[in-house]
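Number of protein chains: 2
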Amino acid sequence: MSGFGRGDVFLADCPARLAVELIADKWTVVVLYGLSEGPVRHGELIELIGGISRKMLTQTLRRLEAHGLIRRHAYAEVPPRVEYELTALGATLIDPIHTLTEWARANGDAVLDALDADPEPVADNR
Amino acid sequence: MSGFGRGDVFLADCPARLAVELIADKWTVVVLYGLSEGPVRHGELIELIGGISRKMLTQTLRRLEAHGLIRRHAYAEVPPRVEYELTALGATLIDPIHTLTEWARANGDAVLDALDADPEPVADNR
DNA sequence: AGGCTAGGTTTCCGATAGGAACCACCGGGT
DNA sequence: ACCCGGTGGTTCCTATCGGAAACCTAGCCT
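Chains A and B, in that order, give the protein sequences.
One point on numbering: in UniProt numbering, the residue at position 85 of the first sequence is 85, and numbering is uninterrupted.
One point on numbering: in UniProt numbering, the residue at position 31 of the second sequence is 31, and numbering is uninterrupted.
Given below as structure tokens:
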């Protein structure tokens, strides 16, 4: 087999793999994308990101915060206001995330086409 | 709020979002990475990717195949041999995936450091 | 009193993930 | 004739996850 110069990512418990598992997640990608242009409020994210529930948003944000990718600012106002923004570390993700989302925008239709083109007719004895 | 020129990705049911959900997944990323240098056998992937089970590998491969990102070659030999390789569409993902995995390799340690640095001491009334 | 706002949390339950164990195939050894 | 081994895949079963909706806090407003 060809040579992946020293795996990482392939090794179950190395930091690189952990990092992949942290961001390679449906909601994580979209949330980071949403934060990529500056601080955004919790409520703004909710209405920006179609289909996400408050629970999942909070959960995702907490996880990213714990891993040092975003920062949380809670203003002691009333009604409360909470803003999230990328940390310096999190900002280094903007590029990878944008590469990904742009691929998705460019190839989303192709992927969909493949889906309803394939549906393997019959005699499927794999 | 600032302008994400025409969202996509944010819209719950557009092709772009579907594409993100397809690849923004723990195993999917690693599997695609594993295939990024040429055809690989099922068994090779199993031993290459630490921690994946046969079931999850098969499942992931099937999903990618259905969406036109990889192709499956089953040779009618005995013992059976099955190879997977990227399609042309799948090959367009090599770049995004590599950007991601390289970020992971470069920042995996920083992410881990943040994790055991943060553990917010006490009085945590959010 | 009751309502409103904004961010979270809790509860309940169906859907999914994931590991262990099993199956099919067939040539080769004994 | 019998069992074994090497491959790829599939069941079975449980633990965890995800989503909807209700509830919570705290102040200000009518």
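No residue lacks a Cβ here, since even glycine has one placed at the ideal position from N, Cα and C.
Around the Cβ of residue i, are there at least 16 other Cβ atoms within 10 angstroms (buried) or fewer (exposed)?
i, result
"A106 (chain A)", "exposed"
"Y75 (chain B)", "exposed"
"D25 (chain B)", "buried"
"H67 (chain B)", "buried"
"S53 (chain B)", "exposed"
"V30 (chain A)", "buried"
"A117 (chain A)", "exposed"
"L64 (chain B)", "buried"
"V122 (chain A)", "With a pLDDT of only 44 at V122 (chain A), under the threshold of 50, the placement of this residue in the model should not be trusted; the figure read from the coordinates follows. It counts as exposed."
"D124 (chain A)", "Reliability fails at D124 (chain A), whose pLDDT of 38 lies under 50, so the model's placement of it is uncertain and the value that follows must be treated cautiously. Exposed, because fewer than 16 other Cβ atoms sit within 10 Å of the Cβ of D124 (chain A)."
Might you give, ordered along the chain, the residues of its own chain that have their beta carbon closer than 7 Å to the beta carbon of residue i, omitting 5 neighbours on each side?
i, result
"T87 (chain A)", "G68, L69, I70, R71"
"D89 (chain B)", "In the sequence as displayed, the identity of residue 89 (chain B) is Leu instead of Asp. Once the five neighbours on either side are set aside, the close Cβ partners of L89 (chain B) are G68, L69."
"W27 (chain B)", "I52, M56, T60"
"I94 (chain B)", "S36"
"residue 129 (chain B)", "Since the displayed chain B opens at 1 and closes at 126, residue 129 (chain B) lies outside it and no answer follows."
Name the DSSP bridge partner or partners of residue i?
i, result
"R63 (chain B)", "According to DSSP, which records beta bridges pairwise, R63 (chain B) is partnered with nothing at all."
"R41 (chain B)", "B:E83"
"Y75 (chain B)", "B:R81"
"I52 (chain A)", "Partner(s): none; I52 (chain A) has no beta bridge."
"I70 (chain B)", "B:L86"
"D25 (chain A)", "B:D25"
Taking Cβ-Cβ distances shorter than 8 Å, what residues in chain B pair up with residue i?
i, result
"H73 (chain A)", "Under the 8 Å cutoff, chain B gives no residues; its nearest Cβ is about 12 Å from H73 (chain A)."
"K55 (chain A)", "Near K55 (chain A) there are no residues of chain B at all, since even the closest Cβ is about 15 Å away, more than 8 Å."
"residue 131 (chain A)", "Beyond the ends of chain A as shown, which are 1 and 126, falls residue 131 (chain A); an answer cannot be given."
Using a cut-off of 7 Å between C-beta atoms, extract the partners of residue i located in chain A.
i, result
"E83 (chain B)", "Result: empty, since nearest Cβ-Cβ is about 12 Å, beyond 7 Å."
"I49 (chain B)", "F10"
"H67 (chain B)", "V111, A114, L115"
"A104 (chain B)", "V9, A16, A19, V20"
"P96 (chain B)", "T99, L100, W103"
"L93 (chain B)", "W103"
"A76 (chain B)", "Those within 7 Å of A76 (chain B) in chain A number zero; the least Cβ separation is about 12 Å."
Among residues of its own chain, excluding the 5 on either side of residue i, which ones have a beta-carbon nearer than 8 Å to its beta-carbon?
i, result
"E85 (chain A)", "L35, G38, P39, V40, I70, R71, H73"
"F4 (chain A)", "F10"
"L19 (chain B)", "At residue 19 (chain B) the sequence reads Ala, which differs from the Leu that was named. Cβ within range, chain order: n/a, list empty."
"L100 (chain A)", "V29"
Any heavy atom of the ligand PLP within a distance shorter than 7 Å of the CB on residue i?
i, result
"R72 (chain B)", "With respect to small molecules bound, the structure shown includes none, and the ligand PLP cannot be examined in it."
Skipping 5 residues on each side, what residues in its chain have a beta carbon closer than 6 Å to that of residue i?
i, result
"D8 (chain A)", "C14, A16"
"R62 (chain B)", "none"
"Y33 (chain A)", "I97, T101"
"M1 (chain A)", "Low confidence applies here, because M1 (chain A) scores a pLDDT of 49, under 50, leaving its location unreliable; read the following figure in that light. For M1 (chain A), where only same-chain residues beyond five positions count, there are no Cβ hits under 6 Å."
For residue i, return the contacting residues in chain A, with the cut-off set at a CB-CB distance below 8 Å.
i, result
"G108 (chain B)", "D8, C14, P15, A16, R17, L18, A19"
"L89 (chain B)", "N107, A110, V111, A114"
If contact is defined by three or more beta carbon pairs under 8 Å, each pair taking one atom from either stretch, is the segment 77 to 95 of chain A in contact with the segment 35 to 51 of chain A?
yes
When you compare the segment 8 to 26 of chain B with the segment 90 to 106 of chain A, are there three or more beta-carbon pairs, one atom per stretch, that lie closer than 8 Å?
Three or more pairs of CB atoms, one per stretch, sit closer than 8 Å, so the segment 8 to 26 of chain B contacts the segment 90 to 106 of chain A.
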